[in-house]
Amino acid sequence: MKTKFLALVTLAAMAATAGAQHLTGAGGTFPNPIYQRWFTEYSASHPGVQINYQSVGSGAGIRQISQGIVDFGASDGPMTDQQLQESKIKLIHIPTVLGAVVPSYNLPGVNQELHFAPDVIADIYLGKITKWNDPRLAKDNPGVSLPDHSILPVYRSDGSGTNYIFTDFLSKVSPDFKTKVGVNTSVRWPLGVGQKGNEGVAGMVRNSPYSFGYVELIYAVQNKMLYGVVKNPAGKWVKASTDTVSAAAAGAAKNMPADYRVSITNAPGADSYPISSFTWLLIPIQSQDAAKGKVLHDFLEWMLDHGEAEAASMTYAPLPAPVVARVRKSITQIH
Amino acid sequence: MNEPGIIPLIQTRVPQQREPDGTEVHAPAVPSVIRNFLRAKSSGRIADGAFAGVMVLCALSIFAIVVLIVFVLVSDSRLSIHASGWKFFTGQIWDPVSGDFGALPFIYGTVVSSLLAVVMAVPLALAVSIFLLDICPKFLRGPISFLTELLAAIPSVVYGLWGVFVLVPIIRDQVGPVLEKYLGWTGFFVEPNFGVGIFTASVILAIMIFPVISSISRDVMRAVPVNQREAALALGATRWEMIRISVLRNARMGIVGSVILGLGRALGETMAVTMVIGNHPDIVKNLFAPGYTLASVIANEFTEATGDLYLSALIEVGLALFLVTIVVNAVARLLVWAVTRGNTAGAH
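Read top to bottom, the protein sequences are chains A and B.
Counting in our numbering, the first sequence runs from 1 upward without gaps.
Counting in our numbering, the second sequence runs from 1 upward without gaps.
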């Protein structure tokens with residue numbers, strides 16, 4: 001099948017643009033940098049194929065692929081059962097890379113990495129922990145002189161995958177957060193100040209003494225921000241990095257459902273960073289245009305063979321080996 | 001000039017005045033092409049009819065656009081209108097997780113931040129207009145007008161960035177404590193003050209709408225006939241009395257119109273406000289507290305809105321914003337119409 005396709009591609013290349021394949025995808029902004037790179041490289045090595053990705057947001061991505069407006073979608077949160085039912089096209093979730101959310105803070109006079117227990121983070125956003133020198137914070141950070149000052153919680157005001165991952169994590173670790181706030185791309189935060197985008201939250205935290213916020217790992221690393229260490233379910237303090245995020249995916253791999261719609265926040269495993277998540281491509285099992293289906297199938301194989309290796313250099317955590325093996329099997333049904 | 005074969009398109013009249021030496025006498029002019037065209041009787045009726053028709057169509061298209069916008073907003077927010085009803089406009093809880101959509105905090109944030117901005121911008125804008133018209137030395141007039149217009153041309157995201165990095169720390173560390181010390185008893189300026197909130201948003205909005213109000217009110221004041229000013233001065237009025245009696249009083253309707261146009265702009269402003277208002281839907285008296293506006297919530301949540309009801313509720317927020325702005329614009333148009341009529345009446 002693949003050789004047949006390659007022959008077709010060669011033919012297409014020979015016939016100049018007449019047989020060129022143009023694919024369009026739309027979805028989340030989080031994986032946009034690496035998707036752009038992948039699609040550019042893939043087009044360069046496969047003459048006649050052009051894949052265009054628009055980072056319009058996960059919600060819009062889901063809507064557009066459900067209505068068949070684009071050839072594939074992408075989302076930072078899995079589609080719900082209801083969304084899958086309502087979709088005009090039968091879709092499959094393919095995990096591509098992983099992201100993570102890290103706690104960031106601004107404490108004048110404190111330059112150490114602070115430790116945050118999951119329930120402490122939840123209670124900061126619920127307004128139960130209001131001071132930096134709260135005994136529960138002090139207990140996890142021995143030797144740090146925490147000031148007697150109120151905490152200003154900062155949250156993402158725009159709907160985002162980051163919010164989804166963060167609220168999903170907090171709902172798992174705090175029953176109170178689950179009932180009072182819940183999980184979504186936008187939620188009703190009981191208190192605090194909202195800012196738009198990673199840059200908004202990071203800017204607010206940087207400029208406001210005694211504030212606490214959360215940003216994507218990639219953003220924190222690229223901007224050399226100080227970020228906190230979080231305790232995982234195994235009881236270990238873990239700092240987010242591409243390794244610990246991939247470890248979370250590996251830890252969750254055993255209990256992963258066949259359709260990959262799984263949250264890997266708070267995943268088991270000693271090295272797992274608890275606020276991690278997959279980001280998914282939403283691929284039609286059967287494309288309306290058979291040639292496009294072949295391109296998608298071929299691209300996914302290329303991604304597993306070549307693309308994943310590039311992820312870490314862009315601070316995205318690559319899929320761990322057991323997940324790659326499973327995805328490789330799953331994509332055989334795409335045509 | 002009078003070469004044979006060339007008929008001037010627009011023929012001027014023969015000069016009535018002759019040179020003293022009598023040499024430059026022009027022959028009577030040949031009627032021009034336009035004059036001939038106008039003299040031909042039949043041309044007018046069709047052209048006038050067509051012209052009127054086109055103009056009526058243009059005018060009606062405005063109605064069509066407005067009706068279409070309302071239609072799309074209403075039809076796309078049908079789901080939310082059915083689900084929430086009037087509670088949408090009175091409810092105070094906006095919770096996408098549970099599907100509770102009440103837009104009152106957004107309406108409150110929009111109206112309060114805009115009104116406050118107008119309160120801050122109007123005295124400044126009027127002072128600048130009066131100064132430019134009646135007091136300003138000539139060499140300063142150009143630069144000040146230019147800078148005022150420049151303020152209007154700055155994109156709102158730049159105002160937002162400036163707000164985040166410059167204004168927010170100033171309001172948090174310098175202005176806030178002073179306001180709290182002297183006006184804290186009113187309940188409008190109470191700690192905690194994080195620098196972001198309704199007050200900061202109003203300051204940004206005031207700076208953004210100031211050029212609109214200033215330039216329109218300046219034009220209106222300029223339209224006040226000079227003899228009105230001269231009359232006041234001749235009766236012994238001081239400069240301030242002259243400005244108050246003859247300029248401000250005559251131009252008041254136009255000034256109100258300019259203020260309402262500024263208010264209209266403040267109501268719809270999105271980017272800069274989103275960056276400094278704190279995006280927290282709450283109705284509180286404290287102006288230091290974070291708030292939220294109608295335009296901001298659409299900008300923040302539209303792209304990632306999942307679920308039909310949520311999306312529909314956001315479109316209804318757009319409908320609410322449209323209703324607020326349309327009322328403001330209608331009033332502004334009415335006032336502008338009133339002031340132009342007033343001026344022609346007073347101009348003779």
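Glycine is no exception: its CB is placed at the ideal position from the N, C-alpha and C atoms.
For clarity, every value in this text was computed on a predicted model and none was experimentally measured.
Just mark A/Q67 as buried or exposed, buried being the case when its beta carbon has 16 or more other beta carbons within 10 Å. The sequence position of residue 67 of chain A within the first sequence is 67, counting from 1. By the Cβ neighbour-count rule, A/Q67 is exposed, with fewer than 16 other Cβ atoms within 10 Å of its own.
Nearest neighbour of A/N32, chosen from A/M256, A/D76, A/G235 [CA to CA]: Here residue 32 of chain A refers to the residue found at position 32 of the first sequence. It is A/D76 whose Cα lies nearest to the Cα of A/N32.
Buried versus exposed call for B/A313 [16 or more other C-beta atoms within 10 Å across all chains shown]: Taking the second sequence and counting its residues from 1, one reaches residue 313 of chain B at position 313. Burial call: buried.
If I'm right that A/Y214 touches A/V102 with Cβ under 8 Å, what's the distance once you round it to whole angstroms? As a first step, residue 214 of chain A is located in the first sequence; it is residue number 214 there, counting from the start. As a first step, residue 102 of chain A is located in the first sequence; it is residue number 102 there, counting from the start. Contact between A/Y214 and A/V102 is confirmed by a C-beta separation of about 7 Å, below the 8 Å threshold.
Is the CB-CB distance between A/A122 and A/L152 below 8 Å? For the purposes of this step, residue 122 of chain A is identified with residue 122 of the first sequence, where counting begins at 1. For the purposes of this step, residue 152 of chain A is identified with residue 152 of the first sequence, where counting begins at 1. By the CB criterion at 8 Å, A/A122 and A/L152 fall outside the cutoff.
Taking A/I334 and A/L296 to be in contact with their CB atoms under 8 Å, please state how far apart those CB atoms are, rounded to whole angstroms. Along the first sequence, one-based indexing puts residue 334 of chain A at 334. Along the first sequence, one-based indexing puts residue 296 of chain A at 296. Between A/I334 and A/L296 the beta-carbon gap is near 6 Å, inside 8 Å, which marks them as a contact.
With a threshold of 8 Å between beta carbons, is A/Q195 in contact with chain B? Counting from one through the first sequence, the residue named residue 195 of chain A turns up at place 195. Answer yes: the Cβ-Cβ gap between A/Q195 and chain B drops below 8 Å somewhere.
Rounded Cβ spacing between B/L126 and B/S246 (contact assumed at less than 8 Å): Position 126 of the second sequence holds residue 126 of chain B. Position 246 of the second sequence holds residue 246 of chain B. Separation of the CB atoms of B/L126 and B/S246 is rounded to 15 Å, and the pair is thereby denied contact status at 8 Å.
Neighbour-count burial assignment, A/A15, 16 or more Cβ in a 10 Å radius: Start at 1 with the first residue of the first sequence, and residue 15 of chain A comes out as number 15. Confidence at A/A15 is low in this model, with a pLDDT of 44, below 50, so the placement of that residue should be treated as unreliable; the coordinate-derived value is given next. The residue is exposed, with fewer than 16 neighbouring Cβ atoms inside 10 Å.
Contiguous alpha helix (DSSP H) assignments of at least 4 residues, all confined to the segment 94-176 of chain A: At a cut-off of 4 residues, the continuous stretches assigned as alpha helix (DSSP H) that sit fully inside the segment 94-176 of chain A are 118-126, 135-140, 161-173.
Measuring CA to CA, which of B/F194, B/R239, B/G318, B/L334 is closest to B/V70? Here residue 70 of chain B refers to the residue found at position 70 of the second sequence. With respect to the C-alpha of B/V70, the residue from B/F194, B/R239, B/G318, B/L334 having the closest C-alpha is B/G318.
For B/M208, return the contacting residues in chain A, with the cut-off set at a CB-CB distance below 8 Å. In the second sequence, counting from the first residue as 1, residue 208 of chain B sits at position 208. Within chain A, no residue comes near B/M208; the closest Cβ sits about 18 Å away, beyond 8 Å.
If we count Cβ pairs, one from each stretch, closer than 8 Å, do we get three or more for the segment 269-288 of chain A versus the segment 90-99 of chain A? Note that the segment 269-288 of chain A touches the segment 90-99 of chain A; at least 3 beta-carbon pairs, one per stretch, sit closer than 8 Å.
Would a check of beta-carbon distances place B/F194 closer than 8 Å to chain A? In the second sequence, counting from the first residue as 1, residue 194 of chain B sits at position 194. Yes, contact with chain A.
For A/S75, which three-state DSSP category applies? Here residue 75 of chain A refers to the residue found at position 75 of the first sequence. In this structure, A/S75 counts as strand in the three-state DSSP scheme.
Given a threshold of 16 other Cβ atoms within 10 Å of its Cβ, counted over all protein chains shown, does B/G85 qualify as buried or as exposed? As a first step, residue 85 of chain B must be located in the second sequence, where it is residue number 85. B/G85 should be labelled exposed.
Inspect the CB distances between the segment 280-297 of chain B and the segment 194-202 of chain B and report whether three or more fall short of 8 Å. By the C-beta criterion, the segment 280-297 of chain B is judged to be in contact with the segment 194-202 of chain B, since at least 3 inter-stretch pairs fall below 8 Å.
Could you tell me which of B/V327, B/A299, B/L334 sits nearest to B/V66, measuring between CA atoms? For the purposes of this step, residue 66 of chain B is taken as residue 66 along the second sequence, with counting starting at 1. Comparing Cα positions, the closest option is B/V327.
Alpha-carbon spacing of B/A295 relative to B/G268, whole angstroms: As a first step, residue 295 of chain B is located in the second sequence; it is residue number 295 there, counting from the start. As a first step, residue 268 of chain B is located in the second sequence; it is residue number 268 there, counting from the start. So the two alpha carbons sit approximately 6 Å from each other.
Is DSSP giving A/S276 helix, strand or coil here? Position 276 of the first sequence, counted from the start, is the residue given in the question as residue 276 of chain A. Three-state DSSP puts A/S276 in a strand.
Would you mind reading off the limits of the beta strand (DSSP E) that contains A/H22? Taking the first sequence and counting its residues from 1, the one referred to as residue 22 of chain A is at position 22. 21-27 is the extent of the beta strand (DSSP E) around A/H22.
So that I know if they touch, is there some Cβ in chain B lying closer than 8 Å to that of A/W189? Here residue 189 of chain A refers to the residue found at position 189 of the first sequence. Under the Cβ criterion of 8 Å, A/W189 is counted among the residues facing chain B.
Are B/M221 and B/S129 close, meaning C-beta to C-beta below 8 Å? Taking the first residue of the second sequence as position 1, residue 221 of chain B is located at position 221. Taking the first residue of the second sequence as position 1, residue 129 of chain B is located at position 129. Cβ distance < 8 Å, so B/M221 and B/S129 count as in contact.
Inter-stretch contact at 8 Å, needing at least 3 Cβ pairs: the segment 162-176 of chain A / the segment 256-270 of chain A: Three or more Cβ pairs drawn from the segment 162-176 of chain A and the segment 256-270 of chain A lie within less than 8 Å of each other, which places the two stretches in contact.
C-beta neighbour in chain B for A/V215, strict 8 Å: Position 215 of the first sequence, counted from the start, is the residue given in the question as residue 215 of chain A. The beta carbon of A/V215 does not come within 8 Å of any beta carbon belonging to chain B, so the residue lies off that interface.
Within the segment 157-241 of chain B, note down every full alpha helix (DSSP H) run reaching 4 residues or more, in order along the chain. Here the runs fully enclosed are 176-183, 198-222, 226-234.
Secondary structure, beta strand (DSSP E): runs of 3+ residues fully inside the segment 189-271 of chain A: Here the runs fully enclosed are 193-195, 211-216, 229-231.
Identify whether A/Y42 lies in helix, strand or coil by the three-state DSSP scheme. Your numbering for residue 42 of chain A matches position 42 in the first sequence. Of the three classes helix, strand and coil, the one that applies to A/Y42 here is helix, per DSSP.
Meets three-Cβ-pair contact criterion under 8 Å: the segment 139-149 of chain A and the segment 248-256 of chain A: No contact exists between the segment 139-149 of chain A and the segment 248-256 of chain A.
What does the Cβ neighbour count give for B/R172, buried or exposed, with the cut at 16 atoms within 10 Å? Indexing the second sequence from 1 puts residue 172 of chain B at position 172. Its Cβ being crowded by 16 or more others within 10 Å, B/R172 is buried.
Under the three-state DSSP convention, the category A/I285 falls into: Position 285 of the first sequence, counted from the first residue, corresponds to residue 285 of chain A. In the three-state reduction of the DSSP assignment, A/I285 falls in the coil class, being assigned neither a helical nor a strand state.
B/F302 by DSSP, collapsed to three states: which one? The count along the second sequence starts at 1 and reaches residue 302 of chain B at position 302. Coil.
In the DSSP assignment, find the beta strand (DSSP E) that holds B/Y292 and state where it starts and stops. Mapped onto the second sequence, residue 292 of chain B falls at position 292. Where B/Y292 is concerned, there is no enclosing beta strand (DSSP E), given that its DSSP letter is neither H nor E.
Between the beta-carbon of B/V276 and the beta-carbon of B/L167, is there less than 8 Å? Here residue 276 of chain B is taken as the residue at index 276 of the second sequence, counted from 1. Here residue 167 of chain B is taken as the residue at index 167 of the second sequence, counted from 1. In this structure, B/L167 lies closer than 8 Å to B/V276 by Cβ.
Please report the straight-line C-alpha distance between B/D308 and A/A117, rounded to a whole angstrom. Here residue 308 of chain B refers to the residue found at position 308 when the second sequence is read from its first residue. Here residue 117 of chain A refers to the residue found at position 117 when the first sequence is read from its first residue. The alpha-carbon of B/D308 is positioned some 36 Å away from that of A/A117.
When you compare the CB of A/T332 with every CB in chain B, is at least one pair closer than 8 Å? The count along the first sequence starts at 1 and reaches residue 332 of chain A at position 332. No, no contact with chain B.
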